[in-house]
Each structure stands twice: as C-alpha cells, then as structure tokens.
Amino acid sequence: MPDFAIIFAGFAVGLIVGLTGVGGGSLMTPILIFFFGVKPYLAVGTDLLFAAFTKLGGTVNLARQHLVPWRVVGLLSAGSLPAAIATLLVLRWVGPASEAVQSVMTHTLGVALLLTAAAMFYKAARGSQLPRSLNGPDLAAASQPRHWSLPVLFGLVIGTLVTLTSVGAGAIGVSALLLLFPLLPLPRIVAADIAYAVPLTLVAGLGHASLGSVDWSLLGKLLIGSLPGIWLGTRLMHHTPERLVRSLLSLLLAYAGTKLITL
2 MPDFAIIFAG FAVGLIVGLT GVGGGSLMTP ILIFFFGVKP YLAVGTDLLF
52 AAFTKLGGTV NLARQHLVPW RVVGLLSAGS LPAAIATLLV LRWVGPASEA
102 VQSVMTHTLG VALLLTAAAM FYKAARGSQL PRSLNGPDLA AASQPRHWSL
152 PVLFGLVIGT LVTLTSVGAG AIGVSALLLL FPLLPLPRIV AADIAYAVPL
202 TLVAGLGHAS LGSVDWSLLG KLLIGSLPGI WLGTRLMHHT PERLVRSLLS
252 LLLAYAGTKL ITL
C-alpha cells in the first residue's frame, strides 16, 4: 500500500466529513476493503479510531465557532455509548476474526451503506428547507426533542450499527437529527453529528483495539491526511454545493453497499 495513496485517502475522507457531516466509516471502510485489501474486521476497527480522531479535530473547530448543540450530543450519547459497549462484549465473546463474524460484518456493512445512501438522498432533499441560523430562544426550542427518549433510542440503534460496521454515525445520524430536530439549522445538525460521533467511535475503536482489530500503522497514515482535511472542510462548510455532493456520494455508497452484499 503506497503511503501517499493512504494519506490522500485520509485527506479526501476528512474533507468530505467536514463539508457534509457524512461519516468517515461509510466512505473509509469500503475504501480500505476494496482499494487497499484490508480484512473487514481490521478495516472496521481501524476506521473507528480514524473517525474518532478525525472528528475530534472537527469538533474542536466547530466548538470554537459555537456551532455544537451540546444538549443534542448528550442525548444521543446516552443511547449510543451503552449500545457500543454491549456490542463489543458480544464481539469479544464470539471473536471478531472468525469466519462467521467476518461474513456478518461484510453483509451488515453492505446493508448499512445502502441505508446511508438512502439517508443521504433524504438529506439532500431536506437540506434546502432548513434555516441556516437561529439565535436565543428559537435556538433553544429547536434543540428540544418531542420527547427525551427518542434521541436516546436512535442513539442506541446507531451505536450498535457503528460498533459492528463503523458505518452509521454520519449520514444515518444526520437523517435521525433531521427527524428529531427539524427546526435545527443545518450547520448545527452537521456539528452535532460530528461531535456525538467522537465518544462513540472512540469507545468502539478502543474496544476493537483490545480485540486486536486495529492496524496502528495504517491508522497513523490515514490521520496524517484526515486532520488537515476535516479542518479545511469545516472551514468551507458554508460554501459547499451540499446537495450535489451528497447526491453523488449516495450513488457511490449504494454501489459499494450492493457489491458488499453480493460478495
């Protein structure tokens, strides 16, 4: 695997995450499997820590811009973190490198990518209807779900999916936020999606590392590219043709998901 190709892949995915909130897993995991020949369990584990450190850099940048709705992040994390821990315990019991688990990971990843593609189409259609900014009481009201349990339940489902496949915290998470917080401005939805993915992917990634499912050398090369990529992406967030980018990415993810399911 040429180092420059891995670093460039990290930069490209980091840039896209910063621009659109699309999860690194929905892009990076298929890239690692198809282009670099990484085993699925190593691709998932490595990508989880890749996403954690990449999105941590993006979260710091977004927090400095005062765009992160921390209440929303807390509610999602209340469901996703226990789900991640429970899924890791199951993986430890059955063994992540076993043939049966590899098959489940591959096919679940394919389904997750198809769901992500559908979610991105929905996001592209809804994005233009959202306000770009709110302040004061309007922002507080927009950050309040219809019931506190709904984002917790969504977080539980996403936490399980992310831990098993590394996919789901991005486009699926954004779509869940659109349903739960329909009045929240688009930049804050992207910011919430990036921020809540940090503790989730860190917990899941460290759990996979304890199972021997992380390629540390590969992770380092990916981060060399992704950290400047997500910094640039979050800076350009307000100037990107988001609907076009998401529509094109959804087609790519649908193709990757179909290919994984038919392996």
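Reading the sequence shown from the start, the letters are residues 2 to 264 in this note's numbering. Note that beta-carbon positions come from the ideal geometry of N, C-alpha and C, so glycine has one too. These numbers come from a predicted model, not from an experiment.
Annotation for V39: L33, T47, D216, L219 place their beta carbon closer than 8 Å to its own, counting only its chain and skipping 5 residues before and after.
It is roughly 23 Å from the alpha-carbon of G19 to the alpha-carbon of F37. Counting along the chain, G38 sits inside no alpha helix (DSSP H), nor does DSSP assign it H or E at all. For R236, the enclosing alpha helix (DSSP H) begins and ends at 217-236. In this structure, F12 sits away from L224, with a CB-CB distance that is not shorter than 8 Å. In this structure, G234 keeps its C-beta atom at 8 Å or more from the C-beta atom of I8.
Contact between I173 and T117 is confirmed by a C-beta separation of about 6 Å, below the 8 Å threshold. V175 has its alpha-carbon roughly 24 Å from the corresponding atom of L207. In this structure, A255 keeps its C-beta atom at 8 Å or more from the C-beta atom of L50. Here DSSP, grouped into helix, strand and coil, assigns S214 to coil.
The beta carbon of I231 sits closer than 6 Å to those of G15, V18, G19, T55, G58, G59, all from its chain and outside the five residues before and after it, given in chain order. DSSP places W94 in the uninterrupted alpha helix (DSSP H) bounded by 71-95. One thing to note: T161 has its Cβ within 8 Å of the Cβ of A84.
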